[in-house]
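**Q** For the record, in the sequence shown the residue sitting at position 128 is 128 according to my numbering, with numbers rising by one throughout. Can you read through this structure? Questions will come right after.
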Amino acid sequence: MRKRWISLVVTGLLVGGALAPATPALAAPTFRVPFPCGQTWSGQTRSDHSPAYAVDFNRTDDSGDPVVASAPGTVDRVTDLGGTSYGKYVRINHGGGYSTYYAHLSGFNVSVGQTVGYGKVIGWVGSTGGSTGPHLHYEQRLNGADIQVRFNGTLALYWGTKSYTSGNGCSSGSGNGTVDTSGTPLTVRSGPGTGYASVGTVADGTRVTIACQTSGTTVTGTYGTSSIWDRIGSGRFIADAYVYTGSDGYIPGVPRC
Numbered sequence: 001m002r003k004r005w006i007s008l009v010v011t012g013l014l015v016g017g018a019l020a021p022a023t024p025a026l027a028a029p030t031f032r033v034p035f036p037c038g039q040t041w042s043g044q045t046r047s048d049h050s051p052a053y054a055v056d057f058n059r060t061d062d063s064g065d066p067v068v069a070s071a072p073g074t075v076d077r078v079t080d081l082g083g084t085s086y087g088k089y090v091r092i093n094h095g096g097g098y099s100t101y102y103a104h105l106s107g108f109n110v111s112v113g114q115t116v117g118y119g120k121v122i123g124w125v126g127s128t129g130g131s132t133g134p135h136l137h138y139e140q141r142l143n144g145a146d147i148q149v150r151f152n153g154t155l156a157l158y159w160g161t162k163s164y165t166s167g168n169g170c171s172s173g174s175g176n177g178t179v180d181t182s183g184t185p186l187t188v189r190s191g192p193g194t195g196y197a198s199v200g201t202v203a204d205g206t207r208v209t210i211a212c213q214t215s216g217t218t219v220t221g222t223y224g225t226s227s228i229w230d231r232i233g234s235g236r237f238i239a240d241a242y243v244y245t246g247s248d249g250y251i252p253g254v255p256r257c
């Protein structure tokens, strides 16, 4: 009798499986590089990493740089493990079994239960836990298991080091300004600071399109003292202290580089 009962159960399961199709897996979120719009970071993967598919991100003088949510979701963990493992880390639940981890942070900018979107600053690059130097340890997981990282649907490099430029939180808008140097050409730099190489000049009175803004060397110019630099082209930055934009500080709606 017992064998017949088991047989009926198995038959029922087989029939049920035939009649009820499996629920399709939910599509993965569109994950983006976990840094502000326009920034370029070096991402390293290695087979002896733990977990294996995690990416370690670095760039020059990155300690304290902002880390942003790589996709919309809900923060479900903000934890400090002290001097071990991930140290200070944030986990975001993106639904459908997908989650992301951001580890070795120097501090937090979110709390458990908070809803976040693209570009939301969740913390800052640090060297907490088992880290031996400032960097961001980043993971994507599905149902708790680490998976190979993808940005905008494109697989990250496995194994090795690759540069990734963020499109996270980018606004479609740009800004405009007019160079005012009282007649002297304004030096254009390859990066946001006076220590970067000169790549040309812009004449006094030139109307420029500002693709994004970032912080750099503090400069005193026509419009006071400012650390804001305006990107007016690929690898072309000018000091905002010499540009009339109509805004006292960052221009509303213009993305941060």
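Note that CB positions come from ideal geometry on N, CA and C, so glycine has one too.
Measure the CB-CB distance between T79 and L105 and report whether it falls below 8 Å.
**A** Residue mapping note: residue 79 aligns to position 79 of the sequence shown, counting from 1. Residue mapping note: residue 105 aligns to position 105 of the sequence shown, counting from 1. Not in contact: T79 and L105 (Cβ atoms no closer than 8 Å).
**Q** Sorted by chain position, which residues of the same chain lie with C-beta nearer than 6 Å to S215's C-beta, five sequence neighbours on each side aside?
**A** Within the sequence shown, numbered from 1, the residue matching residue 215 stands at position 215. Counting only Cβ-Cβ distances below 6 Å, and skipping sequence neighbours, we find S227.
**Q** Counting pairs of beta carbons, one from the region 116 to 132 and one from the region 81 to 89, are three or more of them closer than 8 Å?
**A** Here the region 116 to 132 makes contact with the region 81 to 89; the two share three or more CB pairs at distances below 8 Å.
**Q** State buried or exposed for N168, treating a residue as buried only when at least 16 other CB atoms are found within 10 Å of its CB.
**A** Locating residue 168 in the sequence shown gives position 168, counting from the first residue. Under this definition N168 is a buried residue.
**Q** Have a look at the DSSP bridge pairing and note the partners of D65.
**A** Within the sequence shown, the letter at position 65 stands for residue 65. Answer is none; D65 lacks a bridge partner.
**Q** Give, in chain order, every unbroken run of the beta strand (DSSP E) that is at least 3 residues long and sits entirely within the region 121 to 195.
**A** 121 to 125, 136 to 142, 145 to 147, 160 to 165, 175 to 179 and 186 to 189
**Q** According to the neighbour-count rule (16 or more other Cβ atoms, all chains shown, within 10 Å of its Cβ), is D56 buried or exposed?
**A** Reading the sequence shown from its first residue, position 56 is the one you call residue 56. With 16 or more other Cβ atoms within 10 Å, it is buried.
**Q** Can V125 and D62 be called in contact, C-beta distance under 8 Å?
**A** The residue you call residue 125 lines up with position 125 of the sequence shown. The residue you call residue 62 lines up with position 62 of the sequence shown. In this structure, D62 lies closer than 8 Å to V125 by Cβ.
**Q** Let me make sure I understand the geometry here. Which of D204, P34 and H137 has the alpha-carbon closest to that of P72?
**A** The residue labelled residue 72 in the question sits at position 72 within the sequence shown. With distances taken between Cα atoms, P72 lies closest to P34.
**Q** List the residues that DSSP assigns as beta-bridge partners of I210.
**A** Counting from 1 along the sequence shown, the entry for residue 210 is found at position 210. DSSP lists G175 as partners of I210.
**Q** In this structure, does DSSP put A241 in helix, strand or coil?
**A** Position 241 of the sequence shown, counted from the first residue, corresponds to residue 241. It is helical.
**Q** Give the DSSP bridge partners of F108, in chain order.
**A** The count along the sequence shown starts at 1 and reaches residue 108 at position 108. Answer is G123, bridged to F108.
**Q** Using 8 Å as the cut-off, can you tell me whether the region 224 to 243 makes contact with the region 150 to 158, which would need three or more C-beta pairs spanning the two stretches below that distance?
**A** no
**Q** If you drop the 5 nearest sequence neighbours on each side, which residues of the same chain put their C-beta closer than 6 Å to that of R141?
**A** Position 141 of the sequence shown, counting from 1, holds the residue named residue 141. Only S99 meet the Cβ criterion.
**Q** With H, G and I counted as helix, E and B as strand and the rest as coil, what does DSSP make of D80?
**A** Taking the sequence shown and counting its residues from 1, the one referred to as residue 80 is at position 80. In the structure shown, D80 sits in a strand (DSSP, three-state: E or B).
**Q** Between the beta-carbon of S182 and the beta-carbon of T222, is there less than 8 Å?
**A** Counting from 1 along the sequence shown, the entry for residue 182 is found at position 182. Counting from 1 along the sequence shown, the entry for residue 222 is found at position 222. Yes. Within cutoff.
**Q** So what's L19 in DSSP terms, helix, strand or just coil?
**A** Residue 19 sits at position 19 when you count from the first residue of the sequence shown. Unreliable placement is indicated for L19, whose pLDDT of 40 sits below 50; no coordinate value is reported for it.
**Q** Rounding to the nearest angstrom, what Cα-Cα distance links V243 and G177 in this structure?
**A** As a position in the sequence shown, residue 243 is number 243, starting the count at 1. As a position in the sequence shown, residue 177 is number 177, starting the count at 1. One C-alpha to the other measures close to 6 Å.
**Q** Which partner residues does S215 have in the DSSP bridge list?
**A** To locate residue 215, count along the sequence shown from 1; it is residue 215. S215 pairs with I228.
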